[in-house]
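In terms of full-length UniProt numbering, the sequence shown opens at residue 1 and continues consecutively. C-beta atoms are modelled at their ideal positions from N, C-alpha and C, and glycine is treated no differently.
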Amino acid sequence: MTREIDEARDWRGLDIDCANCAHRDRLAAGRCELRKACVHDRYARRIDRFFNWNPELADGYLSHPHFEVRAIAAKFANPFLLPRLLSDPDETVRWEAVRRLPARYQCELRNDPHREVRIRVATLLDDPDLLPMMQDEDYYVRIVIARKVAPALLVMMFDDQEVEVRRIVAQRIDAQWLGRMCRDSNAEVRLEAAQRLTPEQLSDLRDDADWRVRHYVATRLNVEEIGHLINDSDPLVAEAARERLAGEALKG
């Protein structure tokens, strides 16, 4: 493995020949180095180091046949040359280009065919531009949005088909909507909502269909409202309720 890394080969697997390189004058000037900083090397780190040492050359490599060269060159190139890369066949190139461009260009990639591009675009955009992406077909794109947008906008994601998205909604949405989340079809979502309620608000969940929700209620509900939870069908719930009552009795 070490010998393979030490070999200086290009992206096609061919040996690199510094004598025939257009940048051989930079070798003498210390601005490139075989196996360390070379635009022709197959290793991304060496390509990146070359452009870090020679950023003024990046513009000339935006059409290079190897996608990694184009992608790394996009990190250093003149931003005015980057819009044409938004239609590049490789998603890495599109992402490296768009992250250096204004929001109006980023919006163009909200429907990019590759999920990783859409995920990253979602991290860049502000709330108004994220609204169309709330219906993205990829659940993780929607997760990123649910974690980012203002809580007031999360009402638009109440009924997302993905449980994890709705869990995040329950964690972040304005408190006035927690009652709505407590009626979710999934117990994990209801539990997330319950954990944000006051003890006084938990009484409606004493008869929840899921034992995990009832168990949480038993540990936090006002003691005088525990009632039939001491005889709950789930032994862990019943035990938690009885411990609460016993603890209260000891205080008295």
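- In this structure, the CA atom of W211 is about 29 Å from the CA atom of M156.
- Between R196 and C182, the alpha-carbon positions lie close to 10 Å from each other.
- Straight through space, the alpha carbons of H23 and V165 are spaced by roughly 51 Å.
- Judged by DSSP secondary structure, Y140 falls within the alpha helix (DSSP H) whose first and last residues are 139 to 148.
- Rounded to whole angstroms, E239 and V117 show a C-alpha spacing of 50 Å.
- DSSP, reduced to helix, strand and coil, places E162 outside both helices and strands of the structure shown, so it counts as coil.
- Boundaries of the alpha helix (DSSP H) around E192: 187 to 194.
- When DSSP states are grouped into helix, strand and coil, E7 belongs to the coil group.
- For L229, the closest C-alpha among the options R206, V213, N222 is that of R206.
- For the 8 Å CB-CB criterion, L109 and V121 form a contact.
- Under the DSSP assignment, W95 falls in the alpha helix (DSSP H) whose first and last residues are 91 to 98.
- The alpha-carbon of R26 is positioned some 12 Å away from that of F51.
- Beta-bridge analysis with DSSP links D15 to R9.
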